[in-house]
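For the sequence shown, our numbering gives the first residue as 2, with consecutive numbering after it. Backbone N, C-alpha and C define an ideal beta-carbon position, used for all residues, glycine too. What follows is a set of notes on a single structure, which appears directly below.
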Amino acid sequence: MTMADDTIKRRGGRSARRKAREKAAFVHHPTLVRNVPVYEIANEEGVEMIHELAMRIVEELGVEFRDEESLDIWRQTDAEIDGYKVRIGRETLLALVDKAPQEYTHYARNPERTVRVGGRNMVISPSYGPPFILDLEGVRRHATLDDLNNLQKLNHMAASVHIAGGPIVEPVDVPVPHRHLHMAYSALKYSDKPIIGSVTARERAQDTVEMTKIALGEDFAANNACTTNLINSNSPLVWDETMLDALKVYAGNNHAVMCSPFSMAAASTPASNVGTMGVVTAEAVMAIAFGQLIRPGAPMLFGVPAMTVALNTGAPVHGSPDSAIVQFLAGAMARRYRVPHRAIVNCATSKTPDLQAGYDSMWGLFPGFMAGGNWITMAGGMIEGTLGLSYAKTVIDFEQVDAFYHFCQGCNFDDLDEIFETVKEVGPGGHFLGAAHTRRSNLFIFPSQNNVTFEQWEVDGRKDSEQVGIEKTKAWLERYEAPPIDPSVDEALLAFIAKREAEIPATLS
2 MTMADDTIKR RGGRSARRKA REKAAFVHHP TLVRNVPVYE IANEEGVEMI
52 HELAMRIVEE LGVEFRDEES LDIWRQTDAE IDGYKVRIGR ETLLALVDKA
102 PQEYTHYARN PERTVRVGGR NMVISPSYGP PFILDLEGVR RHATLDDLNN
152 LQKLNHMAAS VHIAGGPIVE PVDVPVPHRH LHMAYSALKY SDKPIIGSVT
202 ARERAQDTVE MTKIALGEDF AANNACTTNL INSNSPLVWD ETMLDALKVY
252 AGNNHAVMCS PFSMAAASTP ASNVGTMGVV TAEAVMAIAF GQLIRPGAPM
302 LFGVPAMTVA LNTGAPVHGS PDSAIVQFLA GAMARRYRVP HRAIVNCATS
352 KTPDLQAGYD SMWGLFPGFM AGGNWITMAG GMIEGTLGLS YAKTVIDFEQ
402 VDAFYHFCQG CNFDDLDEIF ETVKEVGPGG HFLGAAHTRR SNLFIFPSQN
452 NVTFEQWEVD GRKDSEQVGI EKTKAWLERY EAPPIDPSVD EALLAFIAKR
502 EAEIPATLS
């Protein structure tokens, strides 16, 4: 026992040790480099069958691009265009897809937080887009700008979350036409990790790029991935003007774009894992190819928020074996086309952070990480089928993400000689609790996992996961320290927001 351990024991035992852990310095893990194999749910023949189905769709049926400017760009190729429908031969299509990089660097305003995406590299990003919040009093209400800022702080403090986010929640108290400005500022102000941009209009995407130019340098942000951005197709087989406009802005500045069909098996895609994958693959590779027409070499990701539909209610479902299979297949197809894979985790259809929420989330966590996801979205908090976010679930989910960060580093064979000597020292019938090797071990501990006796749990207040999560959230927010930002950069960002708010009507036309 060390002197520090002895001091803690004398000053309060387990409670003191818990408080010491709670006050430990926050750390920021680097990009996770996966050291465990991916799980292949389909063999090479199966992957090629899905590829062939997708190629038949793009060659014979086509994908609609509902935007005249985008159609004019497609006319630069040998694509056949009929109305909004674009059909193209696989040779031309795949030649374009091949221009997208297998890996890219996503830059942060703090170079120490810059991450690498693709290959064996995995980064984890926060929640995205819910309009409702389950707050620290357990009340469900519309999310506000204060909530957005609080969640940026929590994400900044989370060890295994690499991305500051953007639309972590929709701050409903900010007018829609101005909302994107405050989302970008929140990400740049309250964290120094890489950010996600707005995609809800061409002008909003451009404003996001302009704000990264202020924060990271004009020439630099016009030519390097300073945002990674999520666009969704309207499955089946439609890309709309709004999403395409955002793609054009971000790809044009060499920022990264997640081309992510919004699949709901049995509703927007066939009631089949393989059929769903064939449709969304056709949609995704067409968007990736289109991005290369905008700027060859612009980074693109392929992934799908794999959902099914409950056929007894018609409601979308997060957390099922079928959605897990789709996630595994998405990883295989991303590797087939040699582009980074976007995966989705920790989403629940439950309305509260209960047992169902845990099961729902784990059906995303395992396939997301084991499918080789390079960009892991929805790191924490999602409930209500992504319509809501729970503060309590956010920090509990972060612990699960930390656990997978640990798991994906795999086995350690570096200390076998020390292990042998430790076994020799302990001998038959002994125990390893006091061994020097044990004190130096890297065994993972869930900070909020309750593993005391029932009697101790009663004494501690019979707290459930939601109560534990709320207390942890409050403790984290009390300890938050803002990362430094150059005052001139902060002033320039605020001036840009004021200028754009004066130019943009606060009401939608």
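Asked                                                                                                                                                    : Found
Is there contact here, the region 347-356 with the region 379-390, by at least three beta-carbon pairs under 8 angstroms?                                : yes
Is T439 buried or exposed, if buried means 16 or more other CB atoms sit within 10 Å of its CB?                                                          : exposed
In terms of DSSP beta bridges, what is L390 paired with?                                                                                                 : I134, M383
Do you know how far the Cα of E65 is from the Cα of N225?                                                                                                : 29 angstroms
Counting only the same chain and skipping the five closest in sequence on each side, list residues whose C-beta sits under 6 angstroms from that of V98. : V286, I289, A290, Y338
Express the C-alpha separation of Y40 and E46 in angstroms, rounding to a whole number.                                                                  : 16 angstroms
Would you mind sorting K190 into buried or exposed? The rule is 16 or more other CB atoms within 10 Å of its CB.                                         : buried
On the DSSP bridge list, what partners appear for L217?                                                                                                  : Answer by DSSP bridge pairing: none, since L217 is not bridged.
Please check the pair A222 and F27, which I expect to be a contact at CB under 8 angstroms, by giving their CB distance rounded to whole angstroms.      : About 28 angstroms; that fails the 8 angstroms criterion.
If you check the beta carbons only, do L217 and C227 fall under 7 angstroms apart?                                                                       : yes
Do E284 and R67 have their beta-carbon atoms positioned less than 7 angstroms apart in this structure?                                                   : no
Going by beta-carbon coordinates alone, are L149 and V173 separated by less than 7 angstroms?                                                            : no
Report the three-state DSSP secondary structure of D241 (helix, strand or coil).                                                                         : strand
Is DSSP giving D461 helix, strand or coil here?                                                                                                          : coil
Assign H432 to one of two classes, buried (16 or more other C-beta atoms within 10 Å of its C-beta) or exposed (fewer than that).                        : exposed
Could you tell me which residues DSSP puts in a beta bridge with P317?                                                                                   : V310
Taking the runs of the alpha helix (DSSP H) that are 4 residues or longer, which of them lie wholly in the region 402-489?                               : 417-427, 437-440, 455-460, 466-480
Let me know the secondary structure DSSP gives H107 once reduced to three states.                                                                        : strand
V340 and A101 - do their beta-carbons sit closer together than 7 angstroms?                                                                              : yes
For the beta strand (DSSP E) that contains D83, what are its first and last residues?                                                                    : 81-83
I'd like the span of the beta strand (DSSP E) that includes L231, first residue to last.                                                                 : 228-234
Who are the Cβ neighbours of F445 in its own chain at under 7 angstroms, not counting the five residues just before and after it?                        : A404, H407
Roughly how many angstroms lie between the CA atoms of S192 and V116, to the nearest whole one?                                                          : 14 angstroms
Does DSSP put G119 in a helix, a strand or coil?                                                                                                         : strand
So, with DSSP's three-state summary, where would you put L509?                                                                                           : coil
Rounded to the nearest angstrom, how far is the Cβ of G411 from that of N36, given a contact under 8 angstroms?                                          : 4 angstroms
Would DSSP call S261 helix, strand or coil?                                                                                                              : strand
Pairs of beta-carbons, one from the region 249-256 and one from the region 292-303, closer than 8 angstroms: are there three or more?                    : yes
Quick check: what's the CA-CA separation for T395 versus G470?                                                                                           : 8 angstroms
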